[in-house]
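In the order they appear, the protein sequences are chains X and P. When the count follows my numbering, it moves up by one through the first sequence with no breaks and lands on 156 for the last residue. When the count follows my numbering, it moves up by one through the second sequence with no breaks and lands on 156 for the last residue. Ideal placement from N, C-alpha and C gives every residue a C-beta, glycine not left out. Notes follow once the structure below has been shown.
Number of protein chains: 2
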Amino acid sequence: MKTPAELTELFRARGLKVTPQRQAIFRVLHGEKAHPSAEWVYEAVSKSMPTISLRTVYQTLNDLAAMGEVHALDLGTGSARFDPNLDAHHHLVCDECGRVVDVYADASAVRVAGPQRHGFSISSTEVVFRGTCPTCKRKEVNA
Amino acid sequence: MKTPAELTELFRARGLKVTPQRQAIFRVLHGEKAHPSAEWVYEAVSKSMPTISLRTVYQTLNDLAAMGEVHALDLGTGSARFDPNLDAHHHLVCDECGRVVDVYADASAVRVAGPQRHGFSISSTEVVFRGTCPTCKRKEVNA
DNA sequence: CTTCTAATCAACAACGGTTGCAAGTGAGCA
DNA sequence: TGCTCACTTGCAACCGTTGTTGATTAGAAG
Numbered sequence: 014m015k016t017p018a019e020l021t022e023l024f025r026a027r028g029l030k031v032t033p034q035r036q037a038i039f040r041v042l043h044g045e046k047a048h049p050s051a052e053w054v055y056e057a058v059s060k061s062m063p064t065i066s067l068r069t070v071y072q073t074l075n076d077l078a079a080m081g082e083v084h085a086l087d088l089g090t091g092s093a094r095f096d097p098n099l100d101a102h103h104h105l106v107c108d109e110c111g112r113v114v115d116v117y118a119d120a121s122a123v124r125v126a127g128p129q130r131h132g133f134s135i136s137s138t139e140v141v142f143r144g145t146c147p148t149c150k151r152k153e154v155n156a
Numbered sequence: 014m015k016t017p018a019e020l021t022e023l024f025r026a027r028g029l030k031v032t033p034q035r036q037a038i039f040r041v042l043h044g045e046k047a048h049p050s051a052e053w054v055y056e057a058v059s060k061s062m063p064t065i066s067l068r069t070v071y072q073t074l075n076d077l078a079a080m081g082e083v084h085a086l087d088l089g090t091g092s093a094r095f096d097p098n099l100d101a102h103h104h105l106v107c108d109e110c111g112r113v114v115d116v117y118a119d120a121s122a123v124r125v126a127g128p129q130r131h132g133f134s135i136s137s138t139e140v141v142f143r144g145t146c147p148t149c150k151r152k153e154v155n156a
């Protein structure tokens with residue numbers, strides 16, 4: 014994830030305006046290692062800027078995703094997740110609580126044999142490992 | 014996917030009733046190689062049973078998924094897909110039209126190193142290949 | 001610094017997929 | 001045949017997300 018200053022540059026270069034709201038969003042995302050939902054970003058930004066609207070958060074997150082500065086993920090957890098980590102990596106998802114963790118597994122070995130490609134042009138390969146996180150495992154034992 | 018007769022047995026054994034609506038859904042799913050959405054199943058069943066409700070289709074599909082007789086997939090195409098193919102396999106998804114195709118790629122090589130497991134118990138590994146299907150590729154050329 | 005204009009903002013309504021609910025229906029068993 | 005409880009149905013609600021609107025504001029040019 015680029016720094017707020019770099020993102021400011023990028024937005025300006027694209028003719029997009031850099032408002033206080035967007036700067037606040039940049040700050041929240043920068044260095045964020047989790048995979049926040051729009052709602053989460055909204056609440057985080059709201060602490061310093063209580064008047065921001067959820068709509069604005071969506072707008073900016075979508076702009077960032079369109080520019081490739083974050084990745085929008087749909088991991089079946091109910092809401093879209095925005096990933097500031099742009100390195101090649103995969104994800105570990107907790108089926109119970111939706112927690113998402115980065116995983117650097119090498120998936121280059123997983124190839125699709127020609128005849129199975131059905132004429133598709135393949136642009137990306139995502140691997141999702143599903144399971145239960147330590148916190149939820151503990152809860153299950155106590156339940 | 015089991016035959017309608019086998020599913021009838023299973024439902025009865027579980028104390029679930031086998032109504033004409035459910036039988037019609039079994040028939041539609043049996044031998045279906047695509048990855049139909051609830052809506053698609055609803056329309057297919059509606060042809061022979063115009064009074065069935067979408068709610069009933071959801072109910073039965075969820076029952077089947079809970080019993081492990083179909084797999085519910087969330088591939089980010091907007092709606093859940095129900096997969097009657099229970100073999101170990103993965104999916105090729107068209108980013109344009111949402112078409113889903115089965116792929117028998119071997120993902121056993123993709124392992125998560127211990128330290129990266131973050132204490133998770135991993136129960137499944139899904140690989141999703143994204144790209145453009147031949148039909149949509151043709152459309153893009155003409156656009 | 002002023003002015004102009006397009007971009008953005010906030011609030012609200014709408015949307016699509018899915019589920020909850022209440023009332024009526026029917027499957028399966030004795 | 002009759003009894004029950006699960007099922008079916010239609011509708012309303014729900015959730016995450018996007019469209020729309022009128023008011024506001026950043027940024028460029030003069």
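Per-residue burial, THR32 of chain X [other beta carbons within 10 Å of its own, 16 or more giving buried]: exposed
Strictly by DSSP, which residues pair up with GLU139 of chain P? X:VAL141
What three-state label does DSSP hand ASP100 of chain P in the structure shown? coil
Chain-order list of residues whose beta-carbon lies under 7 Å from that of CYS149 of chain X (same chain, five-residue window excluded): CYS107, GLU109 and CYS110
Taking only three categories from DSSP, how would you classify VAL114 of chain P? Residue state for VAL114 of chain P is assigned as strand, using DSSP reduced to three classes.
Same chain, Cβ closer than 7 Å to ASP43 of chain X, neighbours up to 5 away in sequence not counted: Strictly speaking, residue 43 of chain X in this sequence is His, with Asp absent from that position. Closer than 7 Å at Cβ, skipping near neighbours: MET14, THR16 and PRO17.
Three-state class that DSSP yields for SER50 of chain X in the structure shown: strand
Would LEU77 of chain P count as contacting chain X if we go by Cβ distances under 8 Å? Taking Cβ atoms only, chain X never reaches closer than 8 Å to LEU77 of chain P, which makes this a no.
Find the residues of chain P that neighbour TYR117 of chain X, judging by a C-beta separation of less than 7 Å, and give them in chain order. GLN129
Can you give, in chain order, each stretch of the beta strand (DSSP E) that sits fully within the stretch 65 to 91 of chain X and has at least 3 residues? 84 to 86
Inter-stretch contact (C-beta, 8 Å, three-pair minimum) for the stretch 96 to 103 of chain X and the stretch 87 to 105 of chain P: no
Mind listing the chain P neighbours of THR73 of chain X? Cutoff is C-beta to C-beta under 9 Å, in chain order. Simply none; closest approach about 21 Å.
How big is the Cα-Cα spacing for ILE135 of chain X and SER136 of chain P? 26 Å
If contact is defined by three or more beta carbon pairs under 8 Å, each pair taking one atom from either stretch, is the stretch 36 to 51 of chain P in contact with the stretch 64 to 77 of chain P? yes
In terms of alpha-carbon separation, which member of P:ARG40, P:ASN75 and P:GLY81 lies closest to SER61 of chain P? P:ARG40
Interface positions of the stretch 104 to 116 of chain X facing chain P (Cβ-Cβ less than 8 Å), listed along the chain: LEU105, CYS107, ASP108, VAL114 and VAL116
To be precise: take each residue of the stretch 133 to 149 of chain X, compare its Cβ to all Cβ atoms of chain P, and keep it if any distance is under 9 Å. Which residues remain? PHE133, SER134, ILE135, SER136, SER137, THR138, GLU139, VAL140, VAL141, PHE142, ARG143, GLY144, THR145, CYS146, PRO147 and THR148
Look at the alpha carbon of THR73 of chain X and the alpha carbon of GLY28 of chain X, and state the distance between them as a whole number of angstroms. Between THR73 of chain X and GLY28 of chain X, the C-alpha separation is close to 14 Å.
For the stretch 87 to 103 of chain P, enumerate the residues whose C-beta is nearer than 7 Å to any C-beta of chain X, in chain order. ASP87 and GLY89
First and last residue of the uninterrupted alpha helix (DSSP H) at LYS150 of chain P: Per DSSP, LYS150 of chain P belongs to the alpha helix (DSSP H) from 147 to 155.
Residue from P:GLU19, P:LYS152 and P:VAL123 whose Cα sits closest to the Cα of GLU82 of chain P: P:GLU19
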